[in-house]
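Novice: In our numbering, the protein residues as written are 56 to 413.
Don't be surprised by glycine CBs; every beta carbon is placed ideally from N, CA and C.
Since this is a predicted model, take the numbers as computed values, not measurements.
Before anything else, here's the structure in question.
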Amino acid sequence: MRRSIRKFFGLALCLAGAMVCLVQCAPAVDMTDEGALPRAKATTELDKAFGEYLAAVEAAGQDLHSIMIVKDGKVVKEHWMGEGAPDKLHILNSVSKTFTSTAVGLAIAEGKLSLSDKVVDLFPDKLPAEVSDNLKKVEVRHLLTMSGGHDTEPSFRRLAEGTDWVEAFLAHPFEHEPGTYFWYNSMGTYMLSAIVQKVTGEKVIDYLTPRLFEPLAIEGATWQESPQGINTGGWGLYLKTEDLAKMGQLILRRGEWNGKQIVPAEWIDEMTKAHIDSRPAGMRPEQITFKAEDSDWLQGYGYQMWRCRHGAVRADGANGQYIIVMPEQNVVIAMTANIGDMQGEINLVWEHLLAALK
56 MRRSIRKFFG LALCLAGAMV CLVQCAPAVD MTDEGALPRA KATTELDKAF GEYLAAVEAA
116 GQDLHSIMIV KDGKVVKEHW MGEGAPDKLH ILNSVSKTFT STAVGLAIAE GKLSLSDKVV
176 DLFPDKLPAE VSDNLKKVEV RHLLTMSGGH DTEPSFRRLA EGTDWVEAFL AHPFEHEPGT
236 YFWYNSMGTY MLSAIVQKVT GEKVIDYLTP RLFEPLAIEG ATWQESPQGI NTGGWGLYLK
296 TEDLAKMGQL ILRRGEWNGK QIVPAEWIDE MTKAHIDSRP AGMRPEQITF KAEDSDWLQG
356 YGYQMWRCRH GAVRADGANG QYIIVMPEQN VVIAMTANIG DMQGEINLVW EHLLAALK
């Protein structure tokens, strides 16, 4: 396993040149004594654009709760409305996935896990009576890229009380060869959480606390659990808006925080790189009727993160939760909301804020 770990990180170094824009020219991150990101005054251009953006949000009837913009490592705009508040813990929905991916990367860096580890080897006591050839091939990397082979999601919402979620996932038909078919699958991320817990002996939230949350001064985090006492992984994490901004800034700086590398830079590169073609959750290739240049859901998928238009990358969660990382502008945008039209939500960011953030 250690040899495969060295090989992974050695090969990953080749990606550094392509991803160097994530950290070059970004000033060192500093926090106040209270653990907050530093603040700075916005430019006149951004002030004007931000006012127009908020007017567009209102005109569109979008239920935005909060937005925080970090430029060059400093918060230049923050706004709270509706149910938003600086100290409120928001349900992040699928933004949780990016934090689970971070835990996987840390476990790999510590030699506890490998991208090529087979799921059947990790859970030999949870396998169905008949193990298909496709299931035998599923690796950690396939769960990270939503390409484990399922054609439908074994939804947790349909699992009867008392069902073992790992067993239910493994018993669900694997109709595609792993790595060949993208199907957005939150239960696949639950499996990553279960894997981290198995190889580290800690729930993901406990594993991340000293390695990620404490260095970023993220306090009060909570994470939902399955009946088996495993963090749900693909959803269920609660954080504050500024916590999302901090995570985005960490990604922008390729895992470095206050002069310390807390997540391997190579792992951030892998998280933010497009490994597979993507499409909106629940949609099949033949259902796509819009053009890639018009959609932030057709730009490719990394390790539990989406590529975006305009050279950006994001974590997103149902009903309008976002961490948008914009390397070309050295900007992070964190948003919470209750908005069903998430493409419409991010469109307003591009239309009204992008030009003012250059």
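Where does Lys129 sit, in a helix, a strand or coil, going by DSSP?
Specialist: The answer is strand: DSSP assigns Lys129 an E or B state.
Novice: Quick test of your reading: Gln354 and Arg364, contact by CB under 8 Å. State the CB separation rounded to the nearest angstrom.
Specialist: About 6 Å; that satisfies the 8 Å criterion.
Novice: Please report the straight-line C-alpha distance between Arg94 and Asn385, rounded to a whole angstrom.
Specialist: Spanning the two alpha carbons is a distance of roughly 15 Å.
Novice: Which same chain residues, not among the five before or five after Arg196, have their C-beta less than 6 Å away from its C-beta?
Specialist: Excluding positions up to five away in sequence, the list reads Leu170.
Novice: Who does Tyr262 pair with in a DSSP beta bridge?
Specialist: For Tyr262, which the question treats as bridged, DSSP gives no partner whatsoever.
Novice: Using only CA atoms, which one of Glu89, Gln117, Lys132 lies nearest to Ala411?
Specialist: Cα-wise, what sits closest to Ala411 is Lys132.
Novice: The beta strand (DSSP E) with Tyr293 in it runs from where to where?
Specialist: Element bounds for Tyr293: 292-294.
Novice: Val380 bridges to which residues according to DSSP?
Specialist: DSSP lists Val368, Val387 as partners of Val380.
Novice: Please classify His227: does DSSP put it in a helix, a strand, or coil?
Specialist: His227: coil per DSSP, three-state reduction.
Novice: Assuming the contact rule is C-beta atoms closer than 8 Å, Val259 and Ala158 should be a hit. Round their C-beta distance to whole Å, please.
Specialist: Sure, about 5 Å apart at Cβ, within 8 Å.
Novice: List the endpoints of the continuous alpha helix (DSSP H) containing Lys253.
Specialist: 241-255 is the extent of the alpha helix (DSSP H) around Lys253.
Novice: Using only CA atoms, which one of Tyr358, Leu294, Val380, Gln359 lies nearest to Val368?
Specialist: For Val368, the nearest C-alpha among the options comes from Val380.
Novice: What are the boundary residues of the alpha helix (DSSP H) that includes Ala114?
Specialist: Run containing Ala114: 99-114, per the alpha helix (DSSP H) assignment.
Novice: Candidates Ser333, Gly337, Tyr358: which alpha carbon is nearest Lys346's?
Specialist: The shortest Cα separation from Lys346 among Ser333, Gly337, Tyr358 belongs to Ser333.
Novice: For Tyr356, which beta-bridge partners are listed by DSSP?
Specialist: Note: Tyr356 sits in a beta bridge opposite Ile331, Trp361.
Novice: Is Val221 near Lys181, with beta carbons less than 7 Å apart?
Specialist: Yes, the pair counts as a contact, with Cβ atoms nearer than the cut-off.
Novice: Within 10 angstroms of its Cβ, does Thr99 collect 16 or more other Cβ (buried), or is it exposed?
Specialist: Exposed.
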